[in-house]
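Visitor: A single structure is presented below for examination.
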Amino acid sequence: HQHGDAVLVHFTERTRQVLRRADRLGRYGGEEFLVLLPGADAAAAEGVAQRIHATLASGHPLDCQVSIGLTSWSGPQETLDAMLSRADAALYRAKADGRDRAYHAGTLTITWSGRPRSGQMRTSRPELSTSRHAADGTR
626 HQHGDAVLVH FTERTRQVLR RADRLGRYGG EEFLVLLPGA DAAAAEGVAQ
676 RIHATLASGH PLDCQVSIGL TSWSGPQETL DAMLSRADAA LYRAKADGRD
726 RAYHAGTLTI TWSGRPRSGQ MRTSRPELST SRHAADGTR
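What follows is the structure, given as C-alpha cells:
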C-alpha cells in the first residue's frame, strides 16, 4: 500500500509539472486521474498526453506506465457525463490494447513504445479537452 501511495504522489507531482496554470488535475478514483485542459484542442491535448508520458518515463524508481483516454468538448449541448463516458471508453481501450498509450475517443492512437501512430478520423474540441489517466504500476 505504501509503495502504491508513493507512486500516486509521484504521478501527481510529475503530471502537475507539465500542465499549464489553467489546467486542473484531480484524482477520479483509485489510480485514475482527470485532467481538464481549458482552451486546448485535440492536438494540444495529445501534446499534454505525450509530456505526461515522457515525465513518467525518466528512469525515476517510481516512474509508472500511463494509459490515457482523451476526448473533446463538442459544444454547449455537451454534458460532463458524456465527455467522461467517451474518455473512459478511450482509457479502457488503451489498457486493453497493451497499456502505456493514449487514445483519443474514437479517433487516434498514440503509443510511446516507438510504434507508429495510427488513426482514422480526428475530432477536435476547441474549448476544452479532458483526459482520463490511469497509473498502471511501476516500470
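The working numbering applies: residue 626 is where the sequence shown begins, and numbers increase by one. Here a beta-carbon is modelled for each residue, glycine too, at the ideal position from N, C-alpha and C. Just so we're clear, the structure is a prediction, and the values are computed from it rather than from any experiment.
Considering only residues of the region 667–707, which uninterrupted alpha helix (DSSP H) runs meet the minimum length of 4 residues and lie entirely inside it, listed in chain order?
Guide: DSSP runs (the alpha helix (DSSP H)) wholly in the region 667–707: 667–680.
Visitor: Would you identify the three-state DSSP class for residue 664, choosing helix, strand or coil?
Guide: Reduced to three states, the DSSP call for residue 664 is coil.
Visitor: Assuming residue 730 and residue 712 are in contact, meaning their beta carbons sit under 8 Å apart, how far apart are those beta carbons, in whole angstroms?
Guide: About 6 Å; that satisfies the 8 Å criterion.
Visitor: Figure out for me which residue from 664, 692, 728 and 718 has the closest Cα to the Cα of residue 656.
Guide: Comparing Cα-Cα distances from residue 656 to each of 664, 692, 728 and 718, the minimum goes to 692.
Visitor: If I'm right that residue 636 touches residue 681 with Cβ under 8 Å, what's the distance once you round it to whole angstroms?
Guide: About 7 Å; that satisfies the 8 Å criterion.
Visitor: For residue 702, does the count of other Cβ atoms within 10 angstroms reach 16, so buried, or fall short, so exposed?
Guide: Per the 10 Å Cβ criterion, exposed.
Visitor: Assuming residue 650 is part of the beta strand (DSSP E), what are its boundary residues?
Guide: Run containing residue 650: 649–654, per the beta strand (DSSP E) assignment.
Visitor: Could you give the first and the last residue of the continuous alpha helix (DSSP H) run that contains residue 639?
Guide: Note, residue 639: alpha helix (DSSP H), 627–642.
Visitor: Roughly how many angstroms separate the alpha carbons of residue 640 and residue 633, rounded to a whole number?
Guide: The alpha-carbon atoms of residue 640 and residue 633 are separated by roughly 10 Å.
Visitor: Return the CA-CA distance between residue 627 and residue 717, expressed in angstroms with no decimal places.
Guide: Taking the straight line from one Cα to the other gives about 26 Å.
Visitor: Note down the Cα distance separating residue 650 from residue 661, rounded to an integer number of angstroms.
Guide: Their backbone Cα atoms lie some 7 Å apart in a straight line.
Visitor: Report buried or exposed for residue 726, applying the criterion of at least 16 other Cβ atoms within 10 angstroms of its Cβ.
Guide: Flag for residue 726 reads buried.
Visitor: Does DSSP classify residue 721 as helix, strand or coil?
Guide: Three-state DSSP puts residue 721 in a helix.
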